[in-house]
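> The structure is given below, and queries will be raised subsequently.
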Amino acid sequence: MDFTALRYFSATAHSRSIRAASDRLHVSPSAISRQIAKLEHELRAPIFDRRAQGMKLTPAGEILLSNIDGVMTEFSRVKSHIAALQNLKAGNVDVCCFQTAIESFVAPVLNRFHTQYPEVTFNIRMSSTDEAMEALVTGAAELSLVLNAPARDVITSLEVFRDRMVAVFSPTHPLAGRKIISLSELKGSSFVLTVPSFGLRQQMDRVFARHGFRPATFCVTNSLALIKELASTGQQCTLLPRFVVQQELAAGSLKTAGVREFASDPLVFCICSRSDRSLSPAAKVLMDTVIDYCRRYH
């Protein structure tokens with residue numbers, strides 16, 4: 094089966110349009126149509142329904158797509174390995190990353206990397222802990238940046254740094270002048286919390302259950318920007334790693350206090366990868382760059 098035909102088919106399936114696939118691949122629509130027709134002839138089955146709304150996969154097309162996406166991703170990584178052997182310093186790295194990392198240190202790490210290796214490209218996807226681990230298992234990501242990585246048989250986790258969960262609230266909150274508080278002192282506050290699939294929330298829930306604390310939660314969201322905005326006004330509060338709110342603390346828009354019940358429960362930031370696969374050279378250098386940056390500044 095022709096690899097070019099499979100690549101054209103995959104691009105069309107994901108974009109649901111031959112025209113969009115043409116723009117993405119920089120080839121003519123007629124060339125893509127010919128390759129799709131070639132595949133259908135070889136498979137002896139239609140793989141697309143041509144509709145006014147776009148290209149829709151047939152059952153045969155669904156089966157084909159589910160089996161080749163992993164192959165396409167792996168082939169891209171093989172090219173990265175070969176490019177590195179030829180000293181081209183090229184490649185592509187797929188990374189899943191928790192939102193707090195994206196809002197704090199991912200951008201400076203990528204800027205540093207790009208300055209040294211301008212030909213390397215990245216696909217960075219913001220994801221929960223559960224999604225990040227699943228992406229490693231399925232091969233959708235080569236690296237995952239995770240808080241409190243759960244143990245998995247085929248996953249290697251490398252600890253980079255530790256941080257503490259702190260209570261976060263506005264400068265006008267009654268507890269804003271305190272350095273250390275207990276959960277019981279937060280009973281009168283309304284909480285805004287992350288969704289349960291976040292590693293942050295999973296740690297919170299464990300500590301809450303251990304101490305019999307039930308937060309008065311009025312908002313649950315996957316947006317850290319919304320969480321920090323709500324915590325900066327009124328009597329609302331939240332719980333976040335201290336490194337996530339460094340800029341707001343410097344600006345004076347948020348205040349924090351340590352929470353006794355979390356003192357023995359640190360947040361552990363890890364870089365995770367498949368233990369049964371070697372990293373591409375670009376991914377290995379990215380890992381080293383993340384470790385160097387985080388250990389220097391945290």
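Residue 94 is where the sequence shown starts when you use our numbering, and the numbers rise one by one after that. Just so it is clear, CB atoms sit at the ideal spot from N, CA and C, and this is done for glycine as well. As the structure is a prediction and not an experimental result, all values here were calculated from the model.
Could you give the distance in angstroms between the alpha-carbon of L342 and the alpha-carbon of S325?
Here residue 342 corresponds to residue number 249 of the sequence shown, with the count starting at 1. Here residue 325 corresponds to residue number 232 of the sequence shown, with the count starting at 1. Approximately 11 angstroms between the Cα atoms of the pair.
> For the beta strand (DSSP E) containing E252, name the first residue and the last one.
For the purposes of this step, residue 252 is taken as the residue at position 159 of the sequence shown. Element bounds for E252: 248–256.
> On the premise that F206 lies in contact with L379, defined as a C-beta separation below 8 angstroms, what is that separation, rounded to the nearest angstrom?
What you label residue 379 is simply residue 286 of the sequence shown in a count that begins at 1. What you label residue 206 is simply residue 113 of the sequence shown in a count that begins at 1. Going by Cβ atoms, the distance from L379 to F206 rounds to 6 angstroms, so yes, they are a contact pair.
> For A309, count neighbouring C-beta atoms within 10 Å of its own C-beta (all shown protein chains included) and say buried if the count is 16 or more, exposed if not.
Residue 309 sits at position 216 when you count from the first residue of the sequence shown. Answer is exposed; the Cβ neighbour count stays below 16.
> I think A375 touches G163, with their Cβ atoms under 8 angstroms apart; what is that distance to the nearest whole Å?
Along the sequence shown, one-based indexing puts residue 375 at 282. Along the sequence shown, one-based indexing puts residue 163 at 70. Wrong, their Cβ atoms sit about 19 angstroms apart, outside the cutoff.
> Hey, L347 and V338: beta-carbon distance below 8 angstroms or not?
Within the sequence shown, the letter at position 254 stands for residue 347. Within the sequence shown, the letter at position 245 stands for residue 338. Yes, the pair counts as a contact, with Cβ atoms nearer than the cut-off.
> Measuring CB atoms only, is the region 271–289 touching the region 349–357, in the sense that at least three cross pairs come out at less than 8 angstroms?
As far as the Cβ criterion goes, the region 271–289 touches the region 349–357, which means the pair count is three or higher.
> Assign S169 to one of three DSSP states: helix, strand, or coil.
As a first step, residue 169 is located in the sequence shown; it is residue number 76 there, counting from the start. S169 falls in the helix class under three-state DSSP.
> Cβ-heavy atom distance between G270 and the ligand GDP below 7 angstroms?
Among the ligands in the structure shown, none appear at all, so the ligand GDP cannot be discussed.
> Only counting the same chain, and skipping five residues up and downstream in sequence, which positions put a Cβ closer than 8 angstroms to that of G345?
Taking the sequence shown and counting its residues from 1, one reaches residue 345 at position 252. Excluding residues within five positions, the ones whose Cβ falls inside 8 angstroms are P264.
> In three-state DSSP terms, what is K321?
By one-based count along the sequence shown, residue 321 stands at place 228. Here K321 sits in helix by DSSP.
> Grouping DSSP H, G and I as helix and E and B as strand, with all else coil, what is G305?
The residue you call residue 305 lines up with position 212 of the sequence shown. It is coil, neither helix nor strand.
> Do you know how far the Cα of C330 is from the Cα of A260?
What you label residue 260 is simply residue 167 of the sequence shown in a count that begins at 1. What you label residue 330 is simply residue 237 of the sequence shown in a count that begins at 1. About 7 angstroms.
> Could you tell me which uninterrupted alpha helix (DSSP H) segments, each at least 4 residues in length, are contained entirely in the region 331–390, listed from first to last along the chain?
Whole alpha helix (DSSP H) segments, 4+ residues: 339–344, 374–390.
> Using 10 angstroms around the beta-carbon of Q296, count the other beta-carbons present and answer buried if the total reaches 16, otherwise exposed.
Locating residue 296 in the sequence shown gives position 203, where the first residue counts as 1. The residue is buried, with at least 16 neighbouring Cβ atoms inside 10 Å.
> Report the CB separation of V188 from A234 in whole angstroms; it is logged as a contact under 8 angstroms.
For the purposes of this step, residue 188 is identified with residue 95 of the sequence shown, where counting begins at 1. For the purposes of this step, residue 234 is identified with residue 141 of the sequence shown, where counting begins at 1. Rounded, the Cβ-Cβ distance is 6 angstroms, consistent with contact.
> In three-state terms, what does DSSP make of A106?
Walking along the sequence shown from the start, residue 106 turns up at place 13. Looking at A106 - three-state DSSP - the assignment turns out to be helix.
> Among the candidates R257, L293, S368, whose CA atom is the shortest distance from the CA of P359?
Taking the first residue of the sequence shown as position 1, residue 359 is located at position 266. Comparing Cα positions, the closest option is R257.
> Can you give the Cα-Cα distance for R307 and S275, rounded to whole angstroms?
Taking the sequence shown and counting its residues from 1, the one referred to as residue 307 is at position 214. Taking the sequence shown and counting its residues from 1, the one referred to as residue 275 is at position 182. Roughly 13 angstroms separates the two Cα atoms.
> Please list, in chain order, all residues of the same chain as N315 whose beta carbon is under 6 angstroms from its beta carbon, the five residues on each side excluded.
Numbered from its first residue, the sequence shown carries residue 315 at position 222. The residues are V288.
> Between the Cα of I217 and the Cα atoms of Q209, D223, A228, A124, which residue gives the shortest distance?
As a working note, residue 217 is residue 124 in the sequence shown. It is A228 whose Cα lies nearest to the Cα of I217.
> Are there 16 or more other CB atoms within 10 angstroms of the CB of P357, so buried, or fewer, so exposed?
Numbered from its first residue, the sequence shown carries residue 357 at position 264. Inspection of the sequence shows that residue 357 is occupied by Ser rather than by Pro. Exposed is the call here.
> Would you check if the distance between the CB atom of L317 and the CB atom of E196 is smaller than 8 angstroms?
Here residue 317 refers to the residue found at position 224 when the sequence shown is read from its first residue. Here residue 196 refers to the residue found at position 103 when the sequence shown is read from its first residue. Yes. Within cutoff.
> Tell me the rounded alpha-carbon separation between L323 and F291.
The count along the sequence shown starts at 1 and reaches residue 323 at position 230. The count along the sequence shown starts at 1 and reaches residue 291 at position 198. Taking the straight line joining both Cα atoms gives about 19 angstroms.
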